[in-house]
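Last residue of the sequence shown: number 264 in numbering that gives the first Met the number 0, and the count goes up by one each step with no gaps.
Quick reminder that beta carbons are idealized off the backbone N, C-alpha and C, glycines included.
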Amino acid sequence: MTRADVLVHQLHRTIVIEADRETVFRFFTDPARWAAWWGPGSSIDARPGGRILIVYPGGTEATGEVVEMAPPEQLTFTYGYAKGTPVAPGASLVTIRLAAEGTATRLELTHAFADAAVRDSHVQGWRYQLSLFANAVANEVHQGASALVDRWFSTWSEPDGTARDSSLKSIAVASIRMRDPYSAIDGIADLLEHLAASHRFMPGIRLERDGDVRHCQGMALADWIARTADGQERARGTNVFVLDSTGRIQAVTGFWTMAKRQEQA
Numbered sequence: 000m001t002r003a004d005v006l007v008h009q010l011h012r013t014i015v016i017e018a019d020r021e022t023v024f025r026f027f028t029d030p031a032r033w034a035a036w037w038g039p040g041s042s043i044d045a046r047p048g049g050r051i052l053i054v055y056p057g058g059t060e061a062t063g064e065v066v067e068m069a070p071p072e073q074l075t076f077t078y079g080y081a082k083g084t085p086v087a088p089g090a091s092l093v094t095i096r097l098a099a100e101g102t103a104t105r106l107e108l109t110h111a112f113a114d115a116a117v118r119d120s121h122v123q124g125w126r127y128q129l130s131l132f133a134n135a136v137a138n139e140v141h142q143g144a145s146a147l148v149d150r151w152f153s154t155w156s157e158p159d160g161t162a163r164d165s166s167l168k169s170i171a172v173a174s175i176r177m178r179d180p181y182s183a184i185d186g187i188a189d190l191l192e193h194l195a196a197s198h199r200f201m202p203g204i205r206l207e208r209d210g211d212v213r214h215c216q217g218m219a220l221a222d223w224i225a226r227t228a229d230g231q232e233r234a235r236g237t238n239v240f241v242l243d244s245t246g247r248i249q250a251v252t253g254f255w256t257m258a259k260r261q262e263q264a
């Protein structure tokens with residue numbers, strides 16, 4: 000009797016991660032990256048027959064063995080608990096397949112069990128664990144999110160048109176989308192004209208980040224302050240940035256709060 004004859008109850012889950020397959024697959028081959036989404040103490044020997052160790056919060060351990068390693072497309076490994084229940088070591092099989100989806104990666108997971116009830120008990124676990132995985136990948140891809148946001152604000156503050164053009168093109172995709180109370184813009188050319196108009200009607204205006212950048216799975220949130228040439232606060236607000244799989248800005252939505260002195264005028 001083959002493993003397929005026994006492991007007839009399958010759990011399936013699919014997620015899309017905004018990163019290329021090579022980047023995603025590193026988290027299956029590098030022990031430090033493996034531990035980044037499973038937890039401290041977890042490890043993988045990334046070769047057929049290599050040992051897998053997963054250490055969950057609280058100390059519960061799962062072990063397994065790599066069955067197939069086909070970069071950057073597939074990882075298959077056995078899975079069971081060191082204590083023997085509810086799945087004995089080697090008694091279930093996990094297959095993770097990666098497929099390119101544009102500039103992103105579609106991850107398809109199958110976990111095969113001998114018992115339907117045990118399968119069902121792992122559904123939420125995989126929903127949670129793959130969410131942690133997506134975050135781990137995104138945190139690596141977008142580890143420069145704070146610097147990128149600062150370059151966005153410095154680009155808005157740049158008075159020289161040539162420098163502004165070069166800076167924006169280095170941090171944003173050509174199809175960038177910008178939305179705020181004063182902007183409904185699609186495309187980098189239109190956005191550059193919008194920035195030029197801002198400097199024409201508000202000479203010396205500059206934007207600066209206010210506080211830390213918050214990032215989650217390709218979305219970055221940053222507060223800002225706009226100041227006039229003499230340093231007076233003109234407005235403040237919050238920008239939501241959508242970042243692509245290469246770490247460039249593909250959309251920005253801005254929420255404005257006018258300065259109190261203007262509201263009271």
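- No residue range can be given for Tyr181, since it is assigned to no beta strand (DSSP E) and is classified by DSSP as neither H nor E.
- Apart from the 5 residues on each side of it in sequence, Phe24 sits with its Cβ closer than 7 Å to the Cβ of Pro70, Pro71, Leu97 in its chain, given in chain order.
- Between Pro88 and Ser120, the CB-CB gap reaches or exceeds 9 Å.
- Excluding its 5 nearest sequence neighbours in each direction, Met177 has C-beta neighbours in its own chain below 7 Å: Ile184, Leu190, Val251, listed in chain order.
- When secondary structure is reduced to three states using DSSP, Ala69 falls in the strand class.
- Taking a C-beta distance under 9 Å as the contact criterion, Ile187 and Ala171 qualify as a contact pair.
- Uninterrupted alpha helix (DSSP H) stretches at least 4 residues long and entirely within the stretch 211-262 occur at 259-262, given in chain order.
- DSSP, read as helix, strand or coil, puts Gly124 in helix.
- Leu194 is positioned such that its CB atom lies no closer than 9 Å to that of Arg226.
- Trp223 and Asp149 have their alpha carbons spaced roughly 10 Å apart.
- Residue state for Glu21 is assigned as helix, using DSSP reduced to three classes.
- Here Gln231 is exposed. Its C-beta has fewer than 16 other C-beta atoms within 10 Å.
- When the alpha-carbon of Arg199 is set against those of Thr102, Pro158, Trp255, the nearest one is in Pro158.
- Sequence-distant partners of Ser41 (beyond 5 residues in either direction) whose C-beta falls short of 7 Å from its own C-beta, in its chain, are Trp33, Ala34, Leu52, Ile53, Val54.
- For His198, the uninterrupted alpha helix (DSSP H) run begins and ends at 187-200, by DSSP.
- Nearest neighbour of Arg208 by Cα position, chosen from Met218, Leu147, Arg2, turns out to be Leu147.
- Taken atom to atom, the span from the alpha-carbon of Ala221 to that of Met201 is near 22 Å.
- Only residues of its own chain outside the window of five on either side were considered, and among them Glu100, Ala103, Thr104, Arg105, Leu106 have a CB closer than 8 Å to the CB of Val15, listed in chain order.
- Every alpha helix (DSSP H) stretch that sits fully inside the stretch 88-123 and reaches 4 residues is listed by chain position as 115-120.
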